[in-house]
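One structure is given here, and the rest of the page talks about it.
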Ligand SMILES: NC(=O)c1ccc[n+]([C@@H]2O[C@H](COP(=O)([O-])OP(=O)(O)OC[C@H]3O[C@@H](n4cnc5c(N)ncnc54)[C@H](OP(=O)(O)O)[C@@H]3O)[C@@H](O)[C@H]2O)c1
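In full-length UniProt numbering, the protein residues as written are 1 to 346.
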């Protein structure tokens, strides 16, 4: 790196742009290889340079930011291959970007295909989908990545000890503690009474795969990729999103409990009544959609918004299928004014 024989103090704001570029470069290095930061620590106060030298410094830093991580990664992969997985999970933006693209790719495909093929479990259970397992076990296994993968990835994130990140991930973990542990426990009581149809293993495996992808995306965003320092609206967005999320969660859990309660009574499917059931056939799906809308607001991220879209793509066609199933099964006894999933709309 070139030095100046007669250094002049860096003048701000004249060189603000150059300074920003250096700071950004340092951040880039920090987010890619934390280890390298110690080599390249920049002290704003002690920095002296002419404008020309700023360019040299910037070029040098950019060069180092590209070459050092590459050399380091190359070294690690030879000396200790086991380091490559945490490295990949904590710093590989390419994997993250492709995972995000996958989410946006499968969402329209899911939406279109589910309008033609109802996922074959519950009311739409039918033969020809291979071996089945009990629904409580299926729900526990297929939803479990949202807990264990999130908890496994979080400690590798840059923001692992940032209180904002810990607070932000809490609603996600709260929802999936209910879905993975409490909901299957409630279902167990209906299984004990021998009232459940089996859950196809293939469907559980597909859901398991989706939950791996989604947990990686959501946990990765909150623990690593989100820029907390640059988000001046964090608490506003979090407060608003959390309010929406909690309303959705309340509706979802209440409706699930009502339906499982009806099932536990025995005697087959019944027309659910009361509360939001007077407006829509599937208030549990409505609540779930509202929850992930709240999550999208809270995180302010493509990952969060993508999950919200995917939930709509998955649950709106299924709600339509359930609604038609109710009307066919109960005919005149089924309330005509009910919509499928969005009150007064659809
Ligand atoms: N985020 C997502 O993409 C996503 C995807 C799928 C599900 N979920 C959530 O997972 C939860 C469960 O979903 P699900 O599709 O299994 O819900 P569901 O079809 O409404 O079933 C919920 C439970 O209630 C029983 N049940 C439903 N309608 C009934 C009736 N009329 N009479 C008696 N019992 C009835 C079901 O028994 P049977 O199983 O025998 O029908 C099942 O045990 C929901 O909260 C949903 O929002 C989320």
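We put the beta carbon where it would ideally sit given N, CA and C, even for glycine. Values in this document were obtained by computation on a predicted structure and should not be read as measured data.
Quick one: is the Cβ of residue 123 within less than 7 Å of any heavy atom of ligand 1?
-> True, at least one ligand heavy atom lies under 7 Å from that Cβ.
Grouping DSSP H, G and I as helix and E and B as strand, with all else coil, what is residue 199?
-> Note: residue 199 maps to strand in three-state DSSP.
Name the DSSP bridge partner or partners of residue 339?
-> According to DSSP, residue 339 shares a beta bridge with 280.
Quick one: complete beta strand (DSSP E) runs, 3+ long, within the region 242–299?
-> Fully enclosed beta strand (DSSP E) runs of 3 or longer: not present.
Check the C-beta distance from residue 252 over to residue 291 and give it rounded, since I have them as a contact under 8 Å.
-> Between residue 252 and residue 291 the beta-carbon gap is near 6 Å, inside 8 Å, which marks them as a contact.
C-alpha gap between residue 44 and residue 228, whole angstroms = Caution is warranted here: a pLDDT of 41 is assigned to residue 44, below 50, making its placement in the model unreliable, and the coordinate value is therefore given only provisionally. Cα to Cα, the separation comes out at about 22 Å.
Proximity of residue 137 and residue 314 at Cβ, strictly below 8 Å | Taking 8 Å as the cut-off, the Cβ atoms of residue 137 and residue 314 do not count as close.
What alpha helix (DSSP H) runs, 4 residues minimum, are completely inside the region 137–190?
-> As summarised for the region 137–190, the continuous alpha helix (DSSP H) elements at least 4 residues long and confined to that stretch are 145–153 and 163–177, given in chain order.
Take residue 74 and list the residues in its own chain whose beta-carbon comes closer than 6 Å to its own, dropping the five residues that flank it on each side.
-> Low confidence applies to residue 74: its pLDDT is 41, below 50, so where it sits in the model is not reliable enough to give any reading.
Look at the alpha carbon of residue 166 and the alpha carbon of residue 302, and state the distance between them as a whole number of angstroms.
-> Going by C-alpha positions, residue 166 is about 19 Å away from residue 302.
Alpha carbon to alpha carbon, how far is residue 125 from residue 117?
-> As the crow flies, the alpha-carbon of residue 125 is around 12 Å from that of residue 117.
Whose CA, out of 231, 160, 311 and 179, lies closest to the CA of residue 256?
-> Looking only at 231, 160, 311 and 179, the smallest Cα-Cα distance to residue 256 is reached by 179.
Please list, in chain order, all residues of the same chain as residue 204 whose beta carbon is under 8 Å from its beta carbon, the five residues on each side excluded.
-> Excluding residues within five positions, the ones whose Cβ falls inside 8 Å are 133, 138, 141 and 142.
Of the residues 343, 306 and 261, the one placed nearest residue 107, counting alpha carbons only | Closest option to residue 107, Cα to Cα, is 306.
Drop a sphere of 10 angstroms on the beta-carbon of residue 121, count the other beta-carbons inside from all chains shown, and report buried for 16 or more, exposed for fewer.
-> The residue is buried, with at least 16 neighbouring Cβ atoms inside 10 Å.
Cβ distance (whole Å) where residue 172 is taken to contact residue 295 below 8 Å | At roughly 7 Å, the Cβ-Cβ gap stays under 8 Å, so residue 172 and residue 295 are in contact.
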